[in-house]
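Novice:
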Amino acid sequence: MKLPARRCVTQCSPGANLLSFSIRTKWCFNAAMQHDVALTRHGISLVPLSPAHAGPLFDFVDSGMWSGMAAEQPLSAAELAELFAARLEDPATMPFAVVEQRTGALLGTTSLCEYSPRQQRLEIGGTFYGRPFWGSHVNPAAKQLLLAYSFDVLDVHRVAFRCDARNTRSASAIQRLGASYEGTLRGHRFAPDGSRCDTAVFSILREEWPHVRESLLGRLAPFELADNQCAYVAEPARTEHAA
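The C-terminal residue of the sequence shown carries number 242 in numbering that gives the first Met the number 0, and the numbering is unbroken.
1) With a threshold of 16 other CB atoms inside 10 Å of the CB of Ser-44, please say whether the residue is buried or exposed.
2) Are Asn-166 and Gly-63 touching if we call contact CB-CB under 8 angstroms?
3) Roughly how many whole angstroms lie between the Cα atoms of Arg-86 and Ala-77?
4) Span of the alpha helix (DSSP H) holding Val-137?
5) Taking buried to mean at least 16 other C-beta atoms within 10 Å of its own C-beta, is His-210 buried or exposed?
6) Could you check if Pro-139 belongs to the surroundings of the ligand MN, using beta carbon to heavy atom distance under 7 angstroms?
7) Counting pairs of Cβ atoms below 8 angstroms between the region 188-198 and the region 93-110, do you hit three or more?
8) Can the beta-carbon of Cys-196 be found closer than 8 angstroms to that of Asp-163?
9) What residues are listed by DSSP as bridge partners for Glu-206?
10) Please state whether DSSP places Phe-57 in a helix, a strand or coil.
11) What are the boundary residues of the alpha helix (DSSP H) that includes Phe-83?
12) What is the rounded straight-line gap between the Cα of Thr-198 and the Cα of Arg-161?
13) Does the Cβ-Cβ distance between Val-200 and Leu-184 come in under 8 angstroms?
14) Which class does Gly-103 belong to by DSSP, given the choice of helix, strand or coil?
15) For Arg-218, tell me which candidate among Ala-140, Glu-206, Ala-51 and Thr-92 has the shortest Cα-Cα distance.
16) For Ser-75, which residues in the same chain have their Cβ closer than 8 angstroms to its Cβ, ignoring the five residues on either side in sequence?
17) Measure the C-alpha to C-alpha separation of Val-36 and His-187 and round it to an integer number of angstroms.
18) Just to confirm, is the Cβ distance from Pro-94 to Gly-129 under 8 angstroms?
19) Which same chain residues end up closer than 6 angstroms to Glu-122 when comparing Cβ atoms and leaving out the 5 residues on each side of it in sequence?
20) Taking the alpha helix (DSSP H) that Ala-170 belongs to, which residues open and close that run?
21) What number of angstroms, rounded off, separates the C-alpha of His-41 from the C-alpha of Lys-142?
22) Determine the contact status of Ala-80 and Ala-53, defining contact as a CB-CB distance below 8 angstroms.
23) Can you tell me the Cα-Cα spacing of Pro-55 and Ala-96, whole angstroms?
24) Could you give the distance in angstroms between the alpha-carbon of His-34 and the alpha-carbon of Phe-83?
25) Are there 16 or more other CB atoms within 10 angstroms of the CB of Asn-16, so buried, or fewer, so exposed?
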């Protein structure tokens, strides 16, 4: 059954619109394997991920940047395309490619995942960026878009983040978004290298979102530019890479 088109508009701050377009309502999301949501602000756009993005994004993959990921490191663009295809087939995952708004250049990827409409919760994960964009405002800008969509459009109560407890740079980046550390799941999973690792868990709740939103928008204010300057200008005196 084809669902009617629906335009979603959320307010990031007075006078600033975050636009998306979806043919699905949030309660039908878990029955869908694809999405058509596009989010744009602060010089970047989040567009639906596809296996075709694997070739350019594979150029960013190396053992150092992949060490904190949950999935096994892909050894070819074809393997990365298979990983992306698996994300697209997961009915609880909404994967995005992160692109530079002006040029369309690929910067990385991130996802909404573990979405439960009934429980009004989801996670943000599956994130990686090319090294040239580490330490830039790309990651907080992407997360601001995802958080606004999650709380203001999907109307969730809780957004969670997880990372390998050994991945201190990701943990720091997550906390700088405004997420609260909840604890560590000991011996939670196997890492890609076969070792068993702990998982650090963080979250933002609905009642915390207004404060988090204002903090993020203040942090991103220097990049709210009409001339679409490069999206990966480094933030002053910041070195975190991804979350």
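Think of the CB as a built atom: it goes at the ideal place given N, C-alpha and C, for glycine as much as any other residue.
Specialist: Let's see:
1) buried
2) no
3) 14 angstroms
4) 137-147
5) With fewer than 16 Cβ atoms within 10 Å of its Cβ, His-210 is classed as exposed.
6) As far as ligands go, the structure on display features none, and thus does not contain the ligand MN.
7) no
8) yes
9) Answer is none; Glu-206 lacks a bridge partner.
10) helix
11) 76-88
12) 6 angstroms
13) yes
14) Shown here, Gly-103 sits in coil according to DSSP, grouped into three states, outside any helix or strand.
15) Ala-140
16) Closer than 8 angstroms at Cβ, skipping near neighbours: Phe-57.
17) 32 angstroms
18) No, the pair does not count as a contact, with Cβ atoms beyond the cut-off.
19) Cys-112, Glu-113 and Ala-159
20) 167-175
21) Rounded to whole angstroms, His-41 to Lys-142 spans 11 angstroms at the Cα level.
22) yes
23) 11 angstroms
24) 14 angstroms
25) Interpretation of Asn-16 is limited by its pLDDT of 37, a score under 50 that renders its predicted location unreliable; the figure taken from the coordinates is listed afterwards. By the neighbour-count rule (16 or more Cβ atoms within 10 Å), Asn-16 is not buried but exposed.
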